[in-house]
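As structure tokens, the structure follows; a few thoughts come after it.
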Amino acid sequence: MPELPEVETIARGLNQRVAGDVIESVWLGSKPEPLKSSAQEIAAALESKLISSVRRVGKHIVFALAHSKNGASNSAKETQWIVHLGMTGSLRVCPPASEVAKHTHAILKLASGRELRFVDPRRFGRLSVIEKFKAPGSEPLDISFEDFAALFHGRKTPIKSALLNQKLLSGVGNIYADEALFRAKIRPRRRASSLTRDDLRRLRAALKKVLQEAIRAGGSSISDYVDADGEEGFFQLKHRVYGREGKPCLVCKMPVKRIVVAGRSSHYCPHCQM
DNA sequence: ACTATGTCCTGCGAGC
DNA sequence: TGCTCGCAGGACATAG
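For the first sequence, the working numbering gives the first residue as 1, with consecutive numbering after it.
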């Protein structure tokens, strides 16, 4: 499932491959169920636009669009195409002759002759267009310690839930929340407000570190995640607790436990994490 | 203002 | 072998 490192990897790959290309036409399937925009709005916003850049914001992929025609000093506002991959969404750059995969919900024909396709079996992904996208939460890689600590102040919710709350931090999902909590030696059910400043320092550092390591590894390939070139990431090999229920803790050999927090499976070491 | 829970959706793997 | 069933999860809706 694409979280921050996977989305970062995908956005970088797409930026290399499609930035500078022009969207000639757009086909949209019946229900990509865009959040704020109808299929017509999306198609209208994308058609004959230049993709000036692709980048990540939180778990969102942001395509910056510009008018492709030189002429008329464009007073028209530039728009951004926002793609959220949900659980199983993927964006693929394909030769037009290649077979259209099942669950393809959008196809963009590019001036270069290639196609950019959005495929999403589970349909949790979302497409939308907006003038200026702003993530509701803070970027975990950029946030200062004081801002980080303030996010959790007075919150009774389990720290695991708080980490997953995109209004607080943008981009942290189930895998990296578990991995960061393990590295910081904090149990997922701990009330966020109960974390000491030292806990918070370790947590912020662990989160940044695990996200950066995962980006360097090209993300975690779980289920069918691949990047823009179809390459798998390999950070899943470095997971210390996620998906390791019953297996020995890599530090103390105690079996890793799995519990449910906020309806999400959460993995931790009962010996190493307090 | 927070927090907790249910919902969406399909593929896959466990279990019989 | 082949079937059913339950689980996986991000973000929103709804209820408390």
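C-beta: ideal position from N, C-alpha, C; glycine also.
All values derive from a computational prediction rather than experimental measurement.
DSSP places P255 in the strand class (E or B) of the three-state scheme. For R117, no alpha helix (DSSP H) run applies; the uninterrupted beta strand (DSSP E) run containing it begins and ends at 115 to 119, by DSSP. Our two residues, H105 and E115, have alpha carbons roughly 13 angstroms apart in a direct line. A distance below 8 angstroms between beta-carbons, with the five flanking residues on each side excluded, links L200 to the following residues of its chain, in chain order: F145, F148, A149, F152.
In the displayed model, S193 falls within a helix according to three-state DSSP. Looking at the backbone, the Cα of S128 and that of A97 are separated by about 27 angstroms. Where V172 is concerned, there is no enclosing beta strand (DSSP E), because DSSP gives it neither an H nor an E.
Under the DSSP definition of a beta bridge, S53 partners with A64.
Between the alpha carbons of R117 and F124 lies a gap of roughly 16 angstroms. Cβ neighbours of A19 within its own chain (closer than 7 angstroms, five residues either side excluded): I51, S52, S53, V54.
Note on A101: under 16 other CB atoms within 10 angstroms of its CB, so exposed under the neighbour-count rule. Only residues of its own chain outside the window of five on either side were considered, and among them A149 have a CB closer than 8 angstroms to the CB of R197, listed in chain order. By the C-beta criterion, the segment 200 to 215 is judged to be in contact with the segment 181 to 191, since at least 3 inter-stretch pairs fall below 8 angstroms. Per the coordinates, the alpha-carbon of L110 lies some 15 angstroms from the alpha-carbon of W81. Note that the C-beta distance between C269 and V256 is below 8 angstroms.
Annotation: G58 to L91 spans about 17 angstroms, alpha carbon to alpha carbon.
Only buried fits P158, as 16 or more other CB atoms lie within 10 angstroms of its CB. Shown here for Q166: same chain residues with a beta carbon closer than 7 angstroms to its own, the five before and five after excluded, namely G58, P136, G137 in chain order.
A Cβ-Cβ separation of about 14 angstroms leaves I175 out of contact with T9 under the 8 angstroms criterion. Within the same chain, Cβ atoms closer than 6 angstroms to the Cβ of G29 are found at H105, the five residues on either side in sequence being excluded. The alpha-carbon of G89 is positioned some 13 angstroms away from that of A11. Look at S98 here: in three-state DSSP terms it is coil, with no helix or strand label.
For S170, the number of other beta carbons within 10 angstroms of its own is at least 16, and it is reported as buried. About 6 angstroms separates the beta carbons of I61 and V7, which is inside the 8 angstroms limit, making them a contact pair.
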